[in-house]
Every structure is written in structure tokens, then in C-alpha cells.
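>
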Amino acid sequence: MKILVVGSGGREHAIAWKLDRSPVVDELLAAPGNAGTARIASNVDVDAEDLDGLLRVAKEHGVDLTVVGPETPLAAGIADRFRAEGCAIFGPGREAARIESSKLFAKRLMLDSGVPTSEARAFTSFREAAEYVRGLPLPVVVKADGLAAGKGVVVADTRDEAVAALHERLEAKMFGPAGETVLVEECLVGREVSVFAFVDGEHVSPMVAACDYKRAGDGDTGPNTGGMGSFTPPSFWDGELERRVRTEIMEPVAAALADRGTPYSGVLYAGIMVTKEGPRVYEINCRFGDPETQVILPRLKTDLAEVMMCVARGGLQDARVDWGQEAAVGVVVASGGYPGSYDTGYPIDGMSSVKGAAIFHSGTRADERGRVLTNGGRVLTLVSVGPSVDEARRLVYENTARIGFERSFYRTDVAAVA
-12 MKILVVGSGG REHAIAWKLD RSPVVDELLA APGNAGTARI ASNVDVDAED
38 LDGLLRVAKE HGVDLTVVGP ETPLAAGIAD RFRAEGCAIF GPGREAARIE
88 SSKLFAKRLM LDSGVPTSEA RAFTSFREAA EYVRGLPLPV VVKADGLAAG
138 KGVVVADTRD EAVAALHERL EAKMFGPAGE TVLVEECLVG REVSVFAFVD
188 GEHVSPMVAA CDYKRAGDGD TGPNTGGMGS FTPPSFWDGE LERRVRTEIM
238 EPVAAALADR GTPYSGVLYA GIMVTKEGPR VYEINCRFGD PETQVILPRL
288 KTDLAEVMMC VARGGLQDAR VDWGQEAAVG VVVASGGYPG SYDTGYPIDG
338 MSSVKGAAIF HSGTRADERG RVLTNGGRVL TLVSVGPSVD EARRLVYENT
388 ARIGFERSFY RTDVAAVA
């Protein structure tokens, strides 16, 4: 097989890394890729949002399967375009991808299907929304309806913070069309977990769970980021919780989308809060998570290429999806200033000294001398696998300490409490 991986982050490097281990994969392409994917794939200088260019690459190179990492091209309809041209692709069509591209669509779908989720109201008027939040218990969650590069959600501890978030979205238009509608939601309390399953429209595979760290600083301090680390499996992920998430969340969501005539094909990602009343969904997404992908794929015993092709062809029932018993911990090394402004172009030192950890590139590029330079906010994710979370954590931090570049930083408490 020849496979094209769309995207340029750590998630896409991890996907390419796993596909590179498949005996049925002869050649990998990455568009646009990064300095890490360049070591195992042929990077193609086409942006992940250039649907015409990606389709041209797939046809010109005789690609057997295209795997889409980011949500933006899925929301733009890349899967529909490819399928209309007879090109196999892993990822949901535009309508099914609305579970992520529209928070309001997802909320209504879940409520109509009886999926346990947070209570919410939608607003297009700043005045009405501000009046509403003044009567709510705190904290309160304010969400832009559309895609906002992971920056559209605010958990407001005060009413002034909530009103300011509403003003940014509805009045200041900081998020453009993505913020024209805003959801105001109750803030769920419990333990967060990200759950993933392959879905081919009808069948839902065995699931895998991971926890990630959104805040920039230790102790969950500082601003929200795209994710500063992850581990799997959580200690509280047991057979009963797994059964409830499958029967109350994953299968009903897949069935609801199929009933609408927009069957879901790809990986389904539910962000769940395990409350005193049980699991409740706080977000649902149409792709793998980042940095969760970097820790869950090392646990996958099944051939990823074969699973993805079964999903693309609608034959997931023929694939045996086996998640191993090992633990994995991933730590993100980021640029100083992230998630705010930061500088790039710094040489990365110490990668050759890493032993016992995989290095997944996110924001990197290679210069004309072949040196790997920083090229983003989240730069690398180091991942170690072990018989327990504690052992994997010990090993990954030993290796993370060997990596460095000017103004680099990372959290030191990933998986401290599993």
C-alpha cells in the first residue's frame, strides 16, 4: 500500500510512525509533514487545507489510502471530495464531522439521542447571553460554536470572566464566523478522560482511553494549550466504565449519525467527565487527539493500515482491534511563551541521546544543513512505554531531560496522578 498522511503535527507523525511499521505499507507520503515525518515518509509541500492539492497528490502518486489527521480539512469536506473521485480515505464526511465543527450540532445530536452530556443554551445575542450567565452557578463554560483551533472554550470562574468571553466572541468577533453562535454550558466536575474508537458507520471497535493535560503549567496552572502531555491507561478506566461509555455514548452517537443518513467513518473521540452520576460528554471530536495519539498508538497491537482500510471500505467487523496492556506516558516540550507569542528557528539538542523513548515531532523543520529547528509552539512529544504508568513516567522524564533548545519548557507532573 501507498498511504498519504495529511497534517504536520505530532499526531500525524505518530500515525505515520505506526503505519511505517505495517508490513502492508510500501510507501508513505506526508502533506505537509515535518522534520520527523521526513525521516520515514516523503514530505509533500501541500497544505493540509488545500483540498484540490491533496486530491491531486493522491491521484498523481497512486495513493491507496489517505489518512486525515486535523479536523479542519474534515470539516471542509475532504472525505466527500475524495470519495466522489473514487479515492479511499480515512475520516468522516463534512456532515458527520459537524460533531466537532459545530458544538451546537453536537449538543443537539447528543440530547436527541439520550447521550449524557452537560446542559447548555445557545446564543447569538451578547446582551441575552450576558444576562443569562449572571444567573448561573459558577464556574460556567463558554464555547464558540465553530472551530477555533482549540482556543474557543473558556471555563470562567467569575461572571466577569464569562461576560468577557462572550464579548470576545459575539461582539469583538475574535473568532470570526466560528464565534457567531456561543454555547453557555454547565461546568462538569469529575475526572476527565479521552476515549477513542474506530467507526465504519455501523460498527464501533474496542475503545482505548487516555488522559491529557491542557494547562501550560504544573498543577494545572497557566493558560489552556493544545495539550502538554498524556498518559494511558487511566487507573479509573475499568470494565464497568468502559461498558457505559460504549453503550451510553459511542454506540448511540454512531447510530444517530447513521440514522441521519450521514454515517460516521473514521475515529470517534469523546471527551468525557466521569462525574458522581457517571460518564458525561463535554466535547466530541471527529479525529484522533493530540497528544493522546502519541500514547495510544504504541499500545495498538493490530496493524493500523489494515484497520484504517477496513474502516474506509466499511468492513470494520473484519478487523480485530487489539489494544495492549502496556502503559504509555507522553511529555510535550514546548517553545517559551507558548501558547502565547514565541520565537522559532532554534536548534534542538540532545535527540540522539534519547534511549527508551520515541520522539514525535510537532513544530519542527530541517534547515539546509539537516539540523532540526523549532517551528511551532508545541515542538516535540517524547513517549515511553512500560509495564505500568509509573515506570513509563520514570523513563520518559529521564529522556525529556536530555532534550533542549533555547527557552524550551515542559510540565513535570504528567501522569503524577494516574
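Per this note's numbering: the sequence shown = residues -12 to 405. Note that beta-carbon positions come from the ideal geometry of N, C-alpha and C, so glycine has one too. These numbers were taken from a predicted model, which means no experiment stands behind them.
Under three-state DSSP, which class holds L228?
Numbered from its first residue, the sequence shown carries residue 228 at position 241. Here L228 sits in helix by DSSP.
> Near A402, what residues of its chain come up, given a Cβ to Cβ distance below 7 Å and the 5 sequence neighbours on each side ignored?
The residue labelled residue 402 in the question sits at position 415 within the sequence shown. Answer for A402: F218, V316, V376, R380, listed in chain order.
> What three-state label does DSSP hand V186 in the structure shown?
The residue you call residue 186 lines up with position 199 of the sequence shown. In the structure shown, V186 sits in a strand (DSSP, three-state: E or B).
> For F223, does the count of other Cβ atoms within 10 angstroms reach 16, so buried, or fall short, so exposed?
In the sequence shown, the residue the question calls residue 223 occupies position 236. So F223 ends up on the exposed side.
> L284: which of D246, P266, V308, N272 sits nearest, CA to CA?
Within the sequence shown, the letter at position 297 stands for residue 284. Of the listed residues, the one whose Cα sits closest to L284 is V308.
> Do the stretch 130 to 142 and the stretch 190 to 198 make contact, defined as three or more Cβ pairs closer than 8 Å?
No, they do not touch.
> Note down the Cα distance separating P19 from E(-1), rounded to an integer number of angstroms.
Locating residue 19 in the sequence shown gives position 32, where the first residue counts as 1. Locating residue -1 in the sequence shown gives position 12, where the first residue counts as 1. Taking the straight line from one Cα to the other gives about 10 Å.
> Could you check what DSSP says for T338 in three-state terms: helix, strand or coil?
Counting from one through the sequence shown, the residue named residue 338 turns up at place 351. Note on residue identity: the sequence assigns Met, not Thr, to residue 338. Here M338 sits in helix by DSSP.
> According to DSSP, is V261 part of a helix, a strand, or is it coil?
As a working mapping, residue 261 is identified with position 274 in the sequence shown. Three-state DSSP puts V261 in a strand.
> Report yes or no: do three or more beta-carbon pairs, one from the stretch 94 to 114 and one from the stretch 163 to 181, lie closer than 8 Å?
Short answer: they touch.
> Report all residues from its chain with a CB closer than 7 Å to the CB of T361; omit the five preceding and five following residues, and keep chain order.
The count along the sequence shown starts at 1 and reaches residue 361 at position 374. Contacts found: S322, T331, G332, Y333, I335, G350, T351, F392.
> Less than 8 Å between the beta carbons of S371 and L382, yes or no?
Walking along the sequence shown from the start, residue 371 turns up at place 384. Walking along the sequence shown from the start, residue 382 turns up at place 395. For S371 and L382, yes; Cβs fall inside 8 Å.
> Jot down the residue ranges of each uninterrupted alpha helix (DSSP H) in the stretch 117 to 162, minimum 4 residues, whole runs only, in chain order.
146 to 153, all fully within the stretch 117 to 162.
> E87: buried (16+ other C-beta within 10 angstroms of its C-beta) or exposed?
In the sequence shown, counting from the first residue as 1, residue 87 sits at position 100. Buried: at least 16 other Cβ atoms inside 10 Å.
> If you run the structure through DSSP and keep just helix, strand and coil, what is G(-3)?
The sequence position of residue -3 within the sequence shown is 10, counting from 1. The answer is helix: DSSP assigns G(-3) an H, G or I state.
> Give, in chain order, every unbroken run of the alpha helix (DSSP H) that is at least 4 residues long and sits entirely within the stretch 12 to 48.
As far as the stretch 12 to 48 is concerned, its whole alpha helix (DSSP H) runs of at least 4 residues are 38 to 47.
> Have a look at G324 and G209 and give me their C-alpha separation to the nearest angstrom.
Residue 324 sits at position 337 when you count from the first residue of the sequence shown. Residue 209 sits at position 222 when you count from the first residue of the sequence shown. Rounded to whole angstroms, G324 to G209 spans 11 Å at the Cα level.
> What does the alpha-carbon distance come out to for the pair E14 and V268?
On the sequence shown, residue 14 is found 27 positions in, with the first residue counted as 1. On the sequence shown, residue 268 is found 281 positions in, with the first residue counted as 1. Whole-angstrom Cα-Cα distance: 38 Å.
> Mind reading off the beta-carbon distance from D67 to G80? Whole number of angstroms is fine, and I expect it under 8 Å.
If you number the sequence shown from 1, residue 67 lands on position 80. If you number the sequence shown from 1, residue 80 lands on position 93. D67 to G80, Cβ: 5 Å. Contact.
> Within 10 angstroms of its Cβ, does A1 collect 16 or more other Cβ (buried), or is it exposed?
Within the sequence shown, numbered from 1, the residue matching residue 1 stands at position 14. The residue is buried, with at least 16 neighbouring Cβ atoms inside 10 Å.
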